[in-house]
Amino acid sequence: MSRKIVVIGGTGLIGSKVVTKLRAHGHEVVAAAPDTGVNTVTGEGLAEVLQGASVVVDVSNSPSFEEKAVREFFQTSTGNLLRYEAAAGVGHHVALSVVGTERMSNLPYMRAKIVQERLIKESSIPYSIVQATQFFEFVNAIADSATAGNTVRVPPVFIQPMASEDVANAVARVAAGAPLNGTVETAGPDRFRFDELIRQALRARNDPREVIADPQAHYYGGAVTELTLVPQGEARLGQIRFEDWLSPATAPR
Ligand SMILES: NC(=O)c1ccc[n+]([C@@H]2O[C@H](COP(=O)([O-])OP(=O)(O)OC[C@H]3O[C@@H](n4cnc5c(N)ncnc54)[C@H](OP(=O)(O)O)[C@@H]3O)[C@@H](O)[C@H]2O)c1
Numbered sequence: 001m002s003r004k005i006v007v008i009g010g011t012g013l014i015g016s017k018v019v020t021k022l023r024a025h026g027h028e029v030v031a032a033a034p035d036t037g038v039n040t041v042t043g044e045g046l047a048e049v050l051q052g053a054s055v056v057v058d059v060s061n062s063p064s065f066e067e068k069a070v071r072e073f074f075q076t077s078t079g080n081l082l083r084y085e086a087a088a089g090v091g092h093h094v095a096l097s098v099v100g101t102e103r104m105s106n107l108p109y110m111r112a113k114i115v116q117e118r119l120i121k122e123s124s125i126p127y128s129i130v131q132a133t134q135f136f137e138f139v140n141a142i143a144d145s146a147t148a149g150n151t152v153r154v155p156p157v158f159i160q161p162m163a164s165e166d167v168a169n170a171v172a173r174v175a176a177g178a179p180l181n182g183t184v185e186t187a188g189p190d191r192f193r194f195d196e197l198i199r200q201a202l203r204a205r206n207d208p209r210e211v212i213a214d215p216q217a218h219y220y221g222g223a224v225t226e227l228t229l230v231p232q233g234e235a236r237l238g239q240i241r242f243e244d245w246l247s248p249a250t251a252p253r
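Heads up, the sequence shown is in our numbering, so the first residue is 1 and it goes up one at a time.
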């Protein structure tokens, strides 16, 4: 059944892929973002774009990760979205979040995502929350954030990253289905030790930085334990393996 689906953040890394996939399934899909005249923070264009929509997929992200800015972004944009969705009669709100948000409440970004998830759960709109692990595309940024001089220091905890392509598949599949009124986890096909993952990523780019497994090291300034970053339940696994994604011949970048 073809439905009108509005993808908030539909021009972003995940959003643009979700839009393509849902269109390929025959749905009427609108990519919504400030560039297309829809701003969830100010409310601009929201009432118009949601007219006749059955499903809203929120894969937007805050332009700033500074503590106050990111909290205000997710609080205001999610609050506005849910209010306008109720007025428009939207029947399914799908949001992308992060595996382990609740275990990482020591990180400002995760606290903002927890607020987003709570607003969704407390609203009257049927919903599905997809929690994904770290994107492959994000691994270099993680390495940079853990770098001092020529050394990358990370805790040797488990991490199970995934390709943005697989994230988009998981989100599109959920958006095309009935509301779960719950949370599903999605992750990559392989589980790594954090230091091994970073070593593999750097090696692929001939990056000479040394990677040190340090149990005291933090993840973006927050303490993490063995299982903080990986799914707790039965996660939907992606298909793309990190080593294949890294290989220039096959990398879908
Ligand atoms: N990075 C990870 O490893 C990871 C892991 C799990 C989950 N996630 C989640 O994945 C989601 C999407 O991430 P991404 O990397 O695809 O983001 P992204 O590429 O930065 O795209 C963000 C999108 O949000 C739009 N946007 C920003 N401000 C907006 C506003 N006020 N109103 C409407 N749209 C707005 C942007 O439009 P403009 O470009 O026009 O500003 C863009 O289309 C995030 O919610 C994040 O929490 C990320």
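We treat Cβ as the ideally placed atom computed from N, Cα and C, and that holds for glycine. Computed from a predicted structure; not experimentally measured.
C-beta atoms of residue i and residue j nearer than 7 Å
i	j	result
residue 70	residue 60	no
residue 130	residue 74	no
residue 136	residue 163	yes
residue 168	residue 235	no
residue 238	residue 166	yes
residue 99	residue 44	no
residue 175	residue 94	yes
Neighbourhood of residue i by C-beta, 8 Å cutoff - its chain only, sequence neighbours within 5 removed
i	result
residue 209	143, 147, 150, 151, 152 and 202
residue 47	84, 87 and 88
residue 118	none
residue 145	220
Inter-residue spacing [alpha-carbon to alpha-carbon] between residue i and residue j
i	j	result
residue 251	residue 65	Confidence in residue 251 is poor, its pLDDT being 48 and thus under 50, which makes the residue's placement unreliable; the coordinate value appears in the next sentence. Roughly 28 Å separates the two Cα atoms.
residue 121	residue 206	45 Å
residue 156	residue 103	17 Å
residue 33	residue 230	30 Å
residue 171	residue 196	28 Å
residue 3	residue 134	30 Å
residue 58	residue 109	16 Å
residue 107	residue 9	23 Å
residue 183	residue 212	34 Å
residue 38	residue 216	43 Å
residue 15	residue 7	7 Å
residue 177	residue 90	14 Å
residue 72	residue 13	22 Å
residue 113	residue 105	9 Å
residue 193	residue 132	18 Å
residue 226	residue 158	6 Å
residue 160	residue 200	14 Å
residue 55	residue 26	14 Å
residue 81	residue 141	30 Å
residue 1	residue 96	23 Å
Close beta carbons around residue i, own chain, < 6 Å, minus the five adjacent residues each side
i	result
residue 180	128
residue 23	29
residue 41	76 and 77
residue 253	Confidence in residue 253 is poor, its pLDDT being 48 and thus under 50, which makes the residue's placement too unreliable to answer from.
residue 17	168
residue 228	100 and 103
residue 20	none
Closer than 6 Å: residue i CB and nearest ligand 3 heavy atom
i	result
residue 34	Only ligand 1 can be found as ligands here, which leaves ligand 3 out of the picture.
First and last residue of the uninterrupted beta strand (DSSP E) at residue i
i	result
residue 212	210-213
residue 97	92-98
residue 152	151-154
Cutoff 7 Å; reference residue i; Cβ partners in own chain excluding five residues on either side
i	result
residue 204	246
residue 240	163, 165 and 166
residue 52	4
residue 191	158, 160 and 230
Continuous alpha helix (DSSP H) stretch holding residue i: start and end
i	result
residue 182	No alpha helix (DSSP H) contains residue 182, which is instead part of the beta strand (DSSP E) from 182-187.
residue 125	No alpha helix (DSSP H) contains residue 125, which DSSP labels as neither H nor E.
residue 14	13-24
residue 201	194-204
Would you be able to state if there are at least three C-beta pairs under 8 Å between the stretch 221-234 and the stretch 121-128? By the C-beta criterion, the stretch 121-128 is judged not to be in contact with the stretch 221-234, since fewer than 3 inter-stretch pairs fall below 8 Å.
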